[in-house]
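Residue numbering for the sequence shown follows my numbering, beginning at 100 and increasing consecutively. To start, the structure under review is shown below, and the notes come after it.
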Amino acid sequence: MKLWGGRFSGRRDPLFERFSESFSLDQRLVAYDLRVNRAYVQELAQARVLKPSEARRLVRGLDGLDRRVARNPHWARGQAAEDVHTWVEAQLTRIVGDVAGKLRTGRSRNDLVATETHLYVKDVARDLQRALAELLRALLALAQRHARIVLPGYTHLQPAQPILFGHYLLAYYEMFMRDVGRLEDCRHRADELPMGAGALAGTTFPIDRRRLARELGFARVASNSLDVTSDRDFVAELLFACTLVMLHLSRWAEDLIIYSSPGFGYVELADAYATGSSLMPQKKNPDSLELIRGKAASILGRLTGFLALLKGLPLAYDRDLQEDKGALFASADTVREALILAARVAHTLRISPERMEAMTHQGFLTATDLADELVRRGVPFAEAHEQVGKLVRHCAESSRTFTDLVDGEARKFVPLWDRRLRAVAVSPERATARRNVAGGTAPAQVARQIALAERALAALERRLAR
């Protein structure tokens with residue numbers, strides 16, 4: 100079946116038929132196509148394009164198709180059609196006859212596919228928010244259990260300052276919460292109805308677009324028919340949101356890959372999320388994390404490819420836009436699975452507080468605190484920085500830590516060195532406690548951050564449950 104053809108004579112090249120078909124991808128939209136068709140039948144009936152009896156036949160036919168798809172979501176798989184709209188009309192025609200052809204009145208596949216894609220983006224953004232909420236809950240549970248463990252914080256992957264493990268986990272909580280917000284923005288911009296825009300210029304039939312928007316659950320009607328039939332900004336925004344989710348997951352995965360290596364030993368993955376080597380019996384490889392990191396590259400590639408697709412398209416609709424489905428569906432599927440996997444990794448992650456705390460005495464993590472204490476005693480910071488830097492170099496050259504220093508030896512580099520300065524140098528725990536500013540790593544601040552995060556996440560979970 101074709102939805103066009105009178106203008107043409109002869110057959111299309113079979114290669115072109117295969118090259119242009121999209122049903123293998125967009126059959127995922129069958130339920131959306133049926134839903135939009137059902138609502139549109141009512142509008143055609145109101146416009147007196149359909150007789151009441153015809154409208155009832157069409158609705159019964161669409162409902163029957165809907166039930167069959169619900170029973171077997173893969174029913175359409177392997178069937179031949181140009182696209183999802185052609186397939187649905189062909190199935191409907193078999194059930195109700197030629198009256199199915201009246202459904203095309205006053206509309207185009209351009210506004211139809213735009214409407215279905217808007218609905219899909221709204222739904223998938225909500226699904227991804229739910230998956231993010233699961234990961235956020237897992238991270239917050241870890242932070243609550245291990246809030247006060249001290250470990251090295253790093254810049255340039257070099258030991259920098261001591262932080263609390265709860266503070267570290269809350270950093271990723273913040274990233275993923277921003278992702279939730281971006282997905283909400285995607286939902287907002289997708290929440291407008293294209294139907295009634297026709298191919299590009301609107302329709303001559305009296306379709307009540309506002310009523311149709313209410314029926315389909317849209318907040319508003321698109322303002323410009325030329326724009327909405329060719330707009331895929333909302334797809335690009337979802338792909339961008341997916342890309343940032345994966346970039347955040349990739350950063351977290353990279354941290355855990357490093358932290359689970361023998362040189363660090365801060366965490367260990369559960370066996371369910373690691374693999375071995377076909378040659379080396381001792382290996383426990385963090386493949387789950389490496390695959391998350393690797394798939395982030397694929398998501399980024401789909402975003403850049405899609406943006407390149409859009410950059411040169413003239414108004415209005417162009418067939419290039421058919422390519423949006425591959426990027427959209429694959430990205431949404433990958434990100435959803437990656438989030439679920441990441442949450443399971445977090446739930447089962449084994450923590451080594453002893454190893455974390457032992458490593459805080461390596462790398463001179465309290466050097467900044469020494470300089471700050473000298474400033475409190477009246478030493479200009481530049482001079483304090485210089486003194487402590489020379490002390491660090493002395494220790495590094497003799498393979499010692501601050502704990503190993505003799506007071507007289509330390510005074511050669513830091514003239515004001517005394518028991519109080521020594522206490523500052525050898526206590527990473529005190530270093531975290533001193534950073535008692537909003538958003539800092541002090542235990543009191545981390546406890547406050549956890550409480551705020553718990554309230555925000557609980558509110559999000561309630562909203563997503565509605």
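Even for Gly, the Cβ is constructed at its ideal location relative to N, Cα and C.
Under DSSP, P251 shares a beta bridge with P261. Sequence-distant partners of V187 (beyond 5 residues in either direction) whose C-beta falls short of 6 Å from its own C-beta, in its chain, are D132.
Cβ atoms of A138 and L337 stay farther apart than 8 Å, at about 23 Å.
CA-to-CA, the gap between A352 and I194 works out to about 52 Å. Per the DSSP secondary-structure output, N535 pairs with nothing in a beta bridge. For the 7 Å CB-CB criterion, A246 and G265 form a contact. Cα atoms of R519 and K511: separation of roughly 17 Å, rounded to the nearest angstrom. In the three-state reduction of the DSSP assignment, E120 falls in the coil class, being assigned neither a helical nor a strand state.
Here the C-alpha atom of T459 lies approximately 40 Å from the C-alpha atom of D226.
Each of T433, G375, Y416, Y365 was checked against the Cα of I398, and the nearest Cα belongs to T433. A contact is defined here as three or more CB-CB pairs under 8 Å, and the segment 524-544 meets this definition with respect to the segment 461-470. By the Cβ test, the segment 347-362 is not in contact with the segment 280-295, since fewer than three Cβ pairs between them sit closer than 8 Å.
Selection A557, R554, G539, A564 evaluated against A270 yields G539 as nearest (Cα-Cα).
Taking a contact as a CB-CB distance under 8 Å, the pair V334 and T216 counts as one, their CB atoms being some 7 Å apart. Taking C341 as the centre and dropping the five residues before and after it, the same chain places the C-beta of I398, S430, V434 closer than 6 Å to its C-beta, in chain order. By the neighbour-count definition (other C-beta atoms within 10 Å, threshold 16), G205 is a buried residue. For a cut-off of 8 Å, the C-beta gap from L239 to E553 is around 6 Å, short enough to register as a contact. Nearest in C-alpha terms to A154, of all of R167, V168, N136, is N136. Inter-residue distance for D284 and D278 is about 10 Å (C-alpha atoms, whole angstroms).
Listed in chain order, the non-local C-beta contacts of T502 below 7 Å within the same chain comprise H460, V525, local neighbours out to five positions each way being set aside. Between the segment 375-391 and the segment 415-425, the count of C-beta pairs closer than 8 Å stays below three; the two stretches do not touch. Contact check for V545 and L346: beta-carbon distance about 25 Å, past the 8 Å limit, so the pair fails to qualify.
Within its own chain, the residues whose Cβ lies closer than 6 Å to the Cβ of L191, once the five positions on either side in sequence are excluded, are G160, A199, listed in chain order.
The beta carbon of L348 sits closer than 6 Å to those of I391, A437, A441, all from its chain and outside the five residues before and after it, given in chain order. When secondary structure is reduced to three states using DSSP, I450 falls in the strand class. Boundaries of the alpha helix (DSSP H) harbouring S324: 324-329, taken from the DSSP string.
A straight-line Cα-Cα distance of about 18 Å links R147 and E314. By the Cβ rule, the segment 438-457 counts as touching the segment 230-237, because three or more pairs are nearer than 8 Å.
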